[in-house]
Amino acid sequence: MAGRHRGALPADGWGRVGTGLRTGVRTAWTTVADGEFFCAACGGDRNYERRTGRRRLELLGVPLLRGNATEPVLACTSCGEHFGPEALTRPTTTRLAALLRDGVQGVALAALAMGGTDHPAARRAAVTSVHAAGYPDCTEEQLLAQCAALRSDTSAGACVGVEIELHATLGPLVPHLAEPGRVGLLLQGARIALADGPYSPGERAVLTALGSALEFTPEQTQALLVAAPEPR
Ligand SMILES: [Zn+2]
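Adding 347 to a residue's 1-based position in the sequence shown gives its number in our numbering.
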């Protein structure tokens, strides 16, 4: 069988030797670490145990022969399902919600910092976005202070610093977002930029950078910005 090592014990199973005694191969698991992950079998955030295993031949429950090590697994402590290490690449729902919250705040800050801080409507739109994302206590003053800090970092290179910040904030989030989620974030930025009138060159530049961080082509970003609804 593919992947079977020479001399290795087969997968777990039981049989009877000539005398009729019950014998079999069993995997003995040892827990080496634990943590929280998203269990695809349970469909939620659960605790896992990382376990290493070793197969052994047993006769009436007594180990006779120590066999080969198995691949380490992650075992869900709720449902018992085993997963490979790749299960840890999917964020927990708690982590995903935090990434999304920070993503929306990052977009609002970038859109505001590159051309809206002097306009009450743009400031209101940015604060509304951040509140809706899950920071209901964020004030306009706090947002403006963060914008000032962002701009002071970027004075040397137009919106390069803002672009780097957007990539840093959105990088861990974007691979887990479906297209409507990515479109939604771009339109959040567009709505703040449009709150004080048509896109300024600075706003266009930052929204183009946002589109790139959201893995849209320049053409896709442009089409979405043109189609963005005007604020009422
Ligand atoms: Zn589970």
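By construction, the Cβ of each residue, glycine as well, lies at the ideal position given by its N, Cα and C atoms.
Closest by CA to residue i, which one among the options?
i           : options               : result
residue 522 : 388, 450 and 555      : 450
residue 563 : 540, 577 and 524      : 524
residue 531 : 576, 390 and 374      : 576
residue 471 : 569, 539 and 370      : 539
residue 359 : 517, 440, 568 and 417 : 417
residue 391 : 442, 376 and 410      : 442
I'd like the list of long-range same chain contacts for residue i, defined as Cβ closer than 8 Å, with 5 residues on each side in sequence excluded.
i           : result
residue 393 : 383, 384, 385, 386, 423, 424, 425 and 426
residue 419 : 379, 397, 398, 399, 400 and 432
Determine the DSSP secondary structure at residue i, reduced to helix, strand or coil.
i           : result
residue 514 : helix
residue 543 : coil
residue 352 : Residue placement at residue 352 is poorly supported in this model, since its pLDDT is 42, which falls under 50; the coordinates are not used for a value here.
residue 382 : strand
residue 392 : strand
residue 478 : helix
residue 410 : strand
residue 431 : coil
residue 568 : helix
residue 655 : Coverage of the chain is limited to positions 348 through 579, which leaves residue 655 absent and any answer about it impossible.
residue 360 : strand
If residue i and residue j are in contact, beta carbons under 8 Å, what's the gap, nearest whole angstrom?
i           : j           : result
residue 464 : residue 494 : 5 Å
residue 490 : residue 473 : 6 Å
residue 602 : residue 560 : Because the chain spans 348 through 579 in this model, residue 602 falls outside it and cannot be assessed.
residue 497 : residue 557 : Residue 497 to residue 557, Cβ: 14 Å. No contact.
residue 537 : residue 572 : 6 Å
residue 642 : residue 369 : Given that the chain is displayed from residue 348 to residue 579, the structure contains no residue 642 and the question cannot be resolved.
residue 446 : residue 438 : 7 Å
Please go through the same chain and pick out, in chain order, the residues whose beta-carbon is closer than 6 Å to the beta-carbon of residue i, but skip the five residues on each side of it.
i           : result
residue 529 : 561
residue 388 : 426 and 428
Please confirm if residue i has its CB atom under 9 Å from at least one CB of chain C.
i           : result
residue 534 : Going by chain labels, chain C is absent from the structure shown, which holds only one protein chain.
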